[in-house]
Each structure stands twice: as structure tokens, then as C-alpha cells.
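Chains as they are written, first to last, in my numbering: chain A, 87 to 397; chain B, 5 to 263; chain C, 150 to 485.
Think of the CB as a built atom: it goes at the ideal place given N, C-alpha and C, for glycine as much as any other residue.
Fair warning: this is a prediction, and the values are worked out from it, not measured in the lab.
These notes are about the structure you will find just below.
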């Protein structure tokens, strides 16, 4: 038995030793909520200013890129960019011919000079792309509007378009300010979002922020729900919201079979349903991790205070 | 010098005494029969002889060395075993099985040499199992299969042969034949210990018989001395008549339970 | 044997060429030769070479190692337990590996480095096996039947713990998905790191196991029979079990749980080549390697966008095949 244990120990040591070898490529992690520091070199300005074959593997980055840099610098975006239920840039995406898939071979074959990947990309795929000599930018998780501002500024600097990035940030802030202005002083209807799995968005989410900006009260925060959480059906009914919101994102083919909220026997008794005040929230906006997210505030304002937007 | 010596051997299983005070010695050219009712301890004794289990007391000495001082392979070079109903579910050929008998001499890595091949061929000839060399042992009848496994123990070239009920489930002809083959080999200089249930057969081929009852020696000696109606009644609980037939062979006839 | 090696080589070359960017075998060979320093740079795109060397080649090598290891260790298990129905995962190796990997994915270790996922799986497999062995051993003896039962019990517990972790993990869609994909087995994303991880234990363990061929042969005629022929059966069995566990753990940790290879390949080869382990064991390695390379090839070619899962393919092919073998051999067994 001793020989075998020795062999295993040796084997493990050899393994650990061998894995300290890496080849080519570099992965850069911009600063984000989780505090990923710059990992490669110095935070040089416009590190990728010359990148002309950018491949984005994340619909949020698709959206940012299409507004940030000229389309001839973008080689490929994701398929989701063409899906209107999740993408706000379906028109702009038409200018980009190639659709990228998060698969090592596909990406390597495109021969990009910059790859922007989502935070949830698998470690193994990342390692393979690195080994293949790719320049990789790994976006961190995006939790709220502040994160988006940081991402916009960072990408602007890295890609050599800092002024455009500032303009996008200003656009975001401008949308929010405009919405606040229009709905200032008006009575606040109580609104509740019910997701496809019975989840809702409570205190601390973007949604909460936008409801507040749009002159409403988020029933989920009233109920004490923090971030995204489950709202039991009975509680939702008991809180008797004025307006109900459901998601437009069906999340693929299967969800189309899910019955609408208004047909649910329990929800049908809700006052909001009886009064016909059930609206669909544009998934593309609320789920966005780009500057388009603030359009949600405008969507909400139109629902909460339609009189402010009368033609 | 005796090939096998047993001194005051005892074995216990879960605090229940299975064997005690067994002593005998076996010389070259001697065939010892082991008889006794079921549960008397025959199988246990045989396993102790081969070192498959360790005794609680006493010792076994093989060719002058105590078993405890010998390695498994060394024991295998001195004593060969034919277990009861030897078989395998896997499709080895007759020759494959017999060749396994060379394992104690070849170890893990040495390839078969000429000497090994000769011994294997001889073993198969002696046991008349040459026709089965290329046949799968799973397809052979009980008697044929026993002969192949016997050939394996012959190929081991060990001076002591230990057999556990070699005739179990064999028909009359094969039962007779098998024990005959063992006796022929013993005549050439080996020695053998065999647990047998057929007393007449034992009387025929064995030089001495050891009778076990409840783990103790009930008798040890030549068949004629040992197989008496009195002993048979005491050990087996049967009423028996012992006579000699025209050729001088001992004949034990069991008449019924002893009253 | 030569046939198997030849087939394996051919299928490897073909497999390396298959994928989103098809590479003709002739070109693949030239690229490989160049990489090994044997040939000159030719008329291929740079990205073809990159894809071949960083994505395809390590994946195929992992398939060879995993398939070979599984089949070989399956054959050994069948020898140890004297039962042609034994499977390499029989004493809880796969269940332990699953639990280890699932924990790594759920707790986020796997996101830190590519190394942690296979290492956790490996650790899980070893811990589980030691547990099984410890439970089954008393007074220095390990009865085979107790070992098997302990394997079922501990393995079963590991499986249910795995399900529990999966349940919690499903709240995060991405993590839940990764866990489920791992549990179904697969070679996607397996790179040189995985080759380095698996090569040592698998090759070393397999070679060592092959040395016991003769012992295994004799052991197939019964435990006492083998002991009387000079084999220290408990010691050999322990050694074989440990080596087999090492090899199986290494393969499961890089490929996820892949069923039937360890069961069906040795079975088929035993029917063709006979039970002599001196031929059977090396043949099983080659056969298993071939099987997995081909199965992985199917995974990559059958479905359009997504890859099929390896465990699914091996079960879909291996299962019916196994049933067929069972039916063919029905008459030899005891009946109710």
C-alpha cells in the first residue's frame, strides 16, 4: 500500500507542476462589483483601440459595441442580438454579417483580434481559447445601473472611444432624469412584476429603481423582498397591486405553452386583472446589461402615467 | 522423512471448537484417507494443511518446514489442492487450466519454458485429459472437468496432494477412475490426503485412514483395523457389516441406523 | 490486437479532423507531423492548426485515455468479482466522483481554475472508495459480498447527496446546467490540462494492472484454488482494486460519468478473445479507447448545434447491445 500512496503523491505533484505551464493569449478582467482587478499588464488606455475584428459572445456586449464603435470593427455578434424579445439592437445588428457561437472551434476559426466573453463562460473553454492565442476580455457580472456605467466607461477606454462611452452614460442618465421630470409630483400607483416562475424583483434591483423613477411603488419591495426572489401567490394577491406586469421574454420555444397570467384561476380574482390593468414589460429592456436598460424606466412611466406621454 | 507432519492441530470458529488434537504424519508413497460424518471437520483439516486458514493451536510441517515460515508460493510448490467441485464459469481451455498449475514456479512474469511444457503434457497424459486440451472446460462433464483440474494439480509437481471430496457428484466409473489416477501417482513417490465419503473406495486405495468425529481423531490406522462395525456405529451412528470379498477387498455394507 | 490498434489510429486521425471546421485526414496528418517536428509547414490556415492542436487533439487523447482506462478497469473488476456483469463504478467510484465534481461546480471552485473540477471529482472518487473499503473491512478481512453491498450503500448515498446539491444549484441556471451536463458525461472543452491530469494515473495504473494478468486468470478458477496455486488472493485483490479505482477515478474526473464502456467492451472482447487476461487486458484498453473515440465522434456529428452528451450516446448504444448479449447468454444462468 505504501508504494501506491507514494505513487499517488508523486502523481499529484507532477500534475500540479505541469499545470503551471500556460501558453499564449491573455485574459483581461475589468473591474466590477466582485472587484476583479486588472490581471494583465498595466491598465493602458485604448489597449484594444486598434482591434478591428471584434467578436462579442454576450448580447449585452453586442448592444454596447453596436453603439460604441463603428460596425466595420465588429466581426461577429451573438444570435440573440437578432431576437427582439431580448435584444434592443436588432436593427443595428443587421449590419454585422456573422453570428458567433460560444464554442472554441467556431471562435478560433473566425480569427478575431479581440474576444469579449460573458462572465459565465466555462473555465475550460476560456483555457482553450487562451491556449489558442486569443486576446480575451472577460466581462464581470452586471448587477445594476452603476455596474453598467463602469462597463461602458471601461469598454470606451479600452476600445479607444472614451467620448462615445461618456455620451452613452449621459444618455442613460438623461433618460432617467427625463422620466423623473415628467412624473414628478403625481400620485404613485402600486405595481407588481410577476415573472414566469413566480419570481419578482424587489428592493435593490434595477426594476425597483426604475419604478421609483417612473413615479410608482414597487409592491415587491413593500413586501420586503430583496433583489430577485420568490413571491408566494397568496401574498401577491393579498397585496392587491393596482397594476400587474408580466415578462415578454418567453425564454425559448417551450415557454410559449405556459398559460398567461390572466388565465390563471387564482390571478383572475385580482383587482388589477379584473380592471384590465395587466401589462407586458419589455424583456429586452429590463434584462439588458447595456445602456438600453434605462429605457425600462420610460416603458414603466408610460404604463404608470400614460397621461404624461399622450401625443 | 515424512513429507507432511501434523502436530496437535486445533481450530476454532467463533469460539466453537471445530478441530482439536489432530496429529499424524504422511510419508512419501503414502495415501491417507480422511473420513467422517458431515461437519466432523474434514474440510477444515484439509484447509489447515494447505495454510488456507491458520490453526488456533498446533502446527503443520511440510517437507520439514513449518507452514507459518513458508510463503504462499513455497507452500504451493510443496502441496497441491483439488478443491471440491473445482470449476470456473469462464471459457478457459483444458490446457489453459492445466498450465495454471505451473504458476507457483513461474510467478507473475516468467514465460513458460520447455520444462513447463513437458510437465503440462505429462500431467494431461497421466490423467487422460489430452482430448480436452482445446475444449472449453465449461463444456465438459463433471468427470472430465475433474480430470482436467487433477491434471492441473499434477502439473504443480508438488510432492503432497490434497483432495477435498474428489468424487462428489461423479458417476461410478469416473469416481473410481479419478481415485485410481491419484493412487498411480502416489505409487510413483508422491503422497496424498483425500477426504472421501465412500468408505469402500477409501478402503481400496488408502494405505491408512484417519477417522474424524466431532473434530477429534476417532481412529488412525490401516483400513482393516479402522473400519470395524464398532467404530462405524460409534462414529457414523450406523449398523454395518464389514467383510472381505473373494479378492481380499474390504467390503463395508451399511445396514441401517444404529438403534 | 493489431486490428484494434490500427482501427484506433485511423479513427483518431479522422476524429481529429471532424468538427465545425472540417479537416481532411491527410491534412490533419500533415499538421500533426509538423507539430511533432517531422514535417514542414504546409498550405493550411493558421486557425486550422490552432483548432487541431488546442481543441481537437487533446480531446481525442482524453477519449483514448478515458475509454481505455474504463474498459481495462472494467475487465479487472469482472475478474476480481468473478462476475462478467461487474462495472468499474461498482464500489462507488463514479458516485463519489459525481459528488466531488458537483460540489466543485456548486461551490464555485470550478470557476476559479480549470484544475479544480477534475481534482474534486478525483478526490470524491477516492474518498468514497476508501469509505466503502473501510466499512467492508473487519479484522483485516474484506469479504467480497460485503464490499459490493457497501459499495451500493455508499454509492447510493453519494448519488442522493449529488441530487440534493443539484437541487440547490438549479437556482443559478448556468451552474445547474453545467452540473447536469457533467453528470451526463462529455469531452467538450477537454484540453491539454485534462490530458496531463489523466495520463499519469491512467497509463501508469493500466500498465501496472496488465502485469497481474496471470494472477487474474488463476483467480477466475476460485479463491481457494488460486491460493493453493501460490497467489495471495486477498493481497492481490486489494492491489487490483486500488489500481482499478485509481484508473477509474482518473477517467471519470475528466470525462464525467460515462456508462457501459467498462461493462460492454470487456464483455465483447472476452467473447472474441477468450478469458485469458494476458490478451484480454491490453485488448480492452485499445477497444475501450476506440469505442470512446467513436462515441465522441458521434456526439459531435449527430446533432446540429449542440453536442450530444457522451454518457447518453454510450448508454443508447451500449444498453441495447448489453441486453442483446444477456438474451443470447440466457440459458447458462440459474433460473428463478
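Excluding sequence positions up to five away, which residues of its chain have a Cβ less than 8 Å from the Cβ of residue i?
i: residue 369(A); result: 171, 172, 333, 334 and 335
i: residue 467(C); result: 408, 409, 410, 412 and 413
i: residue 225(B); result: 212 and 213
i: residue 307(C); result: 241, 244, 245, 247, 248, 273 and 277
What residues in its chain sit with their C-beta under 7 Å from that of residue i, if we drop five residues either side in the sequence?
i: residue 40(B); result: 46, 215, 216, 217 and 239
i: residue 259(B); result: 243, 244 and 245
i: residue 278(C); result: 240, 241, 242, 245 and 394
i: residue 378(C); result: 367
i: residue 154(B); result: 86, 131, 182 and 185
i: residue 241(A); result: 150, 154 and 251
i: residue 301(A); result: 269, 272, 274, 387, 390 and 391
i: residue 314(A); result: 285, 287 and 291
i: residue 384(A); result: 261 and 265
Quickly, what does DSSP pair residue i with across the bridge? List them, please.
i: residue 31(B); result: 6(B)
i: residue 167(A); result: DSSP, once it has assigned bridges, lists no residue as partnering residue 167(A).
i: residue 261(B); result: 242(B)
i: residue 276(A); result: 303(A)
i: residue 166(B); result: 85(B) and 197(B)
i: residue 213(B); result: 37(B) and 225(B)
i: residue 14(B); result: 61(B)
i: residue 96(B); result: In DSSP, residue 96(B) forms no bridge with anything.
i: residue 340(C); result: Answer is none; residue 340(C) lacks a bridge partner.
i: residue 377(C); result: DSSP, once it has assigned bridges, lists no residue as partnering residue 377(C).
Using a Cβ-Cβ cut-off of 6 Å (strictly less than) and excluding sequence neighbours within five positions of residue i, which residues of its own chain qualify?
i: residue 163(B); result: 7 and 194
i: residue 57(B); result: 51
i: residue 204(B); result: 256
i: residue 244(A); result: 133 and 134
i: residue 440(C); result: 216, 410 and 414
i: residue 311(C); result: 247, 248 and 251
i: residue 289(A); result: 307 and 312
Can you say whether residue i is buried or exposed, counting buried as having 16 or more other CB atoms within 10 angstroms of its CB?
i: residue 198(B); result: buried
i: residue 476(C); result: exposed
i: residue 120(A); result: Note that residue 120(A) has pLDDT 44, beneath the 50 cutoff, so the model's placement of it is unreliable and no number is given.
i: residue 111(B); result: exposed
i: residue 283(A); result: exposed
i: residue 184(A); result: exposed
i: residue 260(C); result: buried
i: residue 288(C); result: exposed
i: residue 277(A); result: buried
i: residue 304(A); result: buried
Does DSSP classify residue i as helix, strand or coil?
i: residue 282(C); result: helix
i: residue 122(A); result: Confidence at residue 122(A) is low in this model, with a pLDDT of 43, below 50, so the placement of that residue should be treated as unreliable; the coordinate-derived value is given next. Looking at residue 122(A) - three-state DSSP - the assignment turns out to be coil, as it is neither helix nor strand.
i: residue 21(B); result: strand
i: residue 198(A); result: coil
i: residue 434(C); result: helix
i: residue 353(C); result: helix
i: residue 267(C); result: helix
i: residue 303(C); result: helix
i: residue 391(C); result: helix
i: residue 160(B); result: coil
i: residue 117(B); result: coil
i: residue 69(B); result: strand
i: residue 409(C); result: coil
i: residue 331(A); result: strand
i: residue 108(A); result: In this prediction, residue 108(A) has a pLDDT of 39, which is less than 50 and means its spatial position is unreliable; what the coordinates show is noted afterwards. Here residue 108(A) sits in coil by DSSP.
i: residue 142(A); result: strand
i: residue 180(A); result: coil
i: residue 340(A); result: With a pLDDT of 43 at residue 340(A), under the threshold of 50, the modelled position of that residue is not reliable, and the figure given next carries that caveat. The answer is helix: DSSP assigns residue 340(A) an H, G or I state.
Could you list which residues in chain B have their beta carbon closer than 9 Å to that of residue i, in chain order?
i: residue 371(C); result: 87, 90, 91 and 92
Using a cut-off of 8 Å between C-beta atoms, extract the partners of residue i located in chain A.
i: residue 262(C); result: 209
i: residue 339(C); result: 210
Please list the partners that residue i has in chain A, where partner means a Cβ-to-Cβ separation under 7 Å.
i: residue 259(C); result: 209
What does residue i reach in chain C if we use C-beta pairs closer than 9 Å?
i: residue 221(A); result: What residue 221(A) touches in chain C: nothing, since even the nearest Cβ is about 14 Å away.
i: residue 84(B); result: 377 and 378
So which residues on chain C does residue i lean against when the C-beta distance must stay under 8 Å?
i: residue 206(A); result: 323
Run through chain B and tell me which residues come within less than 7 Å of residue i, C-beta to C-beta.
i: residue 350(C); result: Within 7 Å Cβ-Cβ: nothing; residue 350(C) doesn't reach chain B, min ~22 Å.
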